[in-house]
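Residue 147 in our numbering sits at position 147 of the sequence shown, and the numbers go up by one each step. Below you'll find the structure, written out as structure tokens, and then a few comments.
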Amino acid sequence: MSLQGIERNVVTFGAAASACEKAGQWQAALSLLRSVAVAQVQQSTIAFNTAVSACASGGGGGAWASAIGLLACLGRARLEADTVTFSAAISACACSKQAAWPMSLQVLEQMASKGVARNIVTFNTAASACGEAQRWDLALLLLQTVAASKVQRDVTTFNTAIIACARQLQWQSAMDMLREVSSAGILRDTITCNSAVSACDYKQSWQSALHLLGGMVGKNTISYNAAISVLEKHQHWSLALQLLTEMSWARTASDEITFNSAAATCL
Numbered sequence: 001m002s003l004q005g006i007e008r009n010v011v012t013f014g015a016a017a018s019a020c021e022k023a024g025q026w027q028a029a030l031s032l033l034r035s036v037a038v039a040q041v042q043q044s045t046i047a048f049n050t051a052v053s054a055c056a057s058g059g060g061g062g063a064w065a066s067a068i069g070l071l072a073c074l075g076r077a078r079l080e081a082d083t084v085t086f087s088a089a090i091s092a093c094a095c096s097k098q099a100a101w102p103m104s105l106q107v108l109e110q111m112a113s114k115g116v117a118r119n120i121v122t123f124n125t126a127a128s129a130c131g132e133a134q135r136w137d138l139a140l141l142l143l144q145t146v147a148a149s150k151v152q153r154d155v156t157t158f159n160t161a162i163i164a165c166a167r168q169l170q171w172q173s174a175m176d177m178l179r180e181v182s183s184a185g186i187l188r189d190t191i192t193c194n195s196a197v198s199a200c201d202y203k204q205s206w207q208s209a210l211h212l213l214g215g216m217v218g219k220n221t222i223s224y225n226a227a228i229s230v231l232e233k234h235q236h237w238s239l240a241l242q243l244l245t246e247m248s249w250a251r252t253a254s255d256e257i258t259f260n261s262a263a264a265t266c267l
């Protein structure tokens, strides 16, 4: 940069790091941040935020560990991490496939101990990390923590919890969440209902799946696939065929999953 007659400063480094973030090149962003120190350019929280966000965008490898390491580097640089910094670090942990979900909870606690404001995106991301790790119980616990923290919950908050329950077939907890959505005055969306239907895969819960599907507005292929999949587990082939007919009447597209699940109910 300097060889081309351009003065290196925090702005130019920040712009370059931002480009790396958008491209998902988190390692390049970290390299740029190190160059800032070597070039004796004054570092800023914004520069660190960009690097941490790049780790979240990169997702794979050791990106989450680098994001956590950057939090420690901030302190050594005598800079204060803010909501953006911590949120990006939690996101990096949530995107990791290396069971980094416990660290996302630690970062969430660190925010509280440092008096950094936690927003709904922060909580939702941490809950998503728990859900991905099949820890539906912790996802529900975070939902309660949100309410206790007086942070306004949104439909994504509940969707995250319901999806976590669905993955572990915790249909009763999913139904509880669904009722709580209405109690909180939050409008359900297609994701809310589809996830709840998917959770209805235990004992007699197939009836709840059909009830939910019948009351849905804006049903789509995923909605029907989820319900047919539940019926497949209980071998209710006649009901599955009825749903196929309903899809045709409603001009809802069917796919390979639809037909495979419907066919499996007849076996």
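Backbone N, C-alpha and C define an ideal beta-carbon position, used for all residues, glycine too.
Same chain only: Cβ atoms within 6 Å of residue i, ignoring 5 sequence neighbours per side
i    : result
A263 : none
W64  : A92, C93, S96 and A100
H234 : W206
S208 : C200
L33  : A51
I6   : For I6, the predicted structure reports a pLDDT of 39, less than 50, and the residue's modelled location is therefore unreliable. A value from the coordinates is still provided. None.
T192 : N159
C55  : W26, A63, S66, A67 and A92
Residue i versus the options, residue with shortest Cα-Cα distance
i    : options                   : result
A147 : W136, E180, E132 and L239 : E180
G87  : S238, R118, A15 and A127  : It is worth fixing the name first, because residue 87 is Ser in this sequence and not Gly. Taking only the C-alpha atoms, the option nearest S87 is R118.
P102 : A77, G75, C73 and A133    : A133
L138 : S149, S104 and Q110       : S104
H236 : L74, S182 and L210        : L210
Cβ shell of residue i (< 7 Å), same chain only, five flanking positions each side left out
i    : result
V84  : N49
L231 : W206, L239, A240 and T265
Q168 : Q134 and W136
S149 : R118
Q170 : W136 and A199
Alpha-carbon to alpha-carbon, residue j and residue i
i    : j    : result
T252 : G185 : 29 Å
A250 : I228 : 16 Å
N260 : T190 : 23 Å
K114 : A28  : 29 Å
S57  : S18  : 11 Å
M1   : A15  : Confidence in M1 is poor, its pLDDT being 45 and thus under 50, which makes the residue's placement unreliable; the coordinate value appears in the next sentence. Each residue's alpha carbon lies about 12 Å from the other.
I68  : S44  : 17 Å
S223 : Q172 : 19 Å
V217 : A174 : 19 Å
A51  : S195 : 34 Å
F123 : D82  : 15 Å
E109 : S53  : 19 Å
K22  : L243 : 43 Å
E246 : D255 : 14 Å
R76  : L70  : 10 Å
C73  : S31  : 14 Å
D176 : A129 : 21 Å
S248 : L267 : 23 Å
Test item: CB-CB of residue i and residue j under 8 Å
i    : j    : result
T145 : A94  : no
V197 : L212 : yes
V116 : A89  : no
G215 : A164 : no
L142 : A127 : yes
A161 : L140 : yes
I257 : N220 : no
Sequence-distant residues of its chain with Cβ nearer than 8 Å to residue i (five each side left out)
i    : result
I120 : V146, V151, Q152, R153, D154, T156 and T157
Q4   : The predicted model places Q4 with a pLDDT of 45, which falls under 50 and marks its position as unreliable; any figure quoted below should be read in that light. Counting only Cβ-Cβ distances below 8 Å, and skipping sequence neighbours, we find nothing.
S182 : R188
L79  : Q43, S44, T45 and F48
A112 : R118
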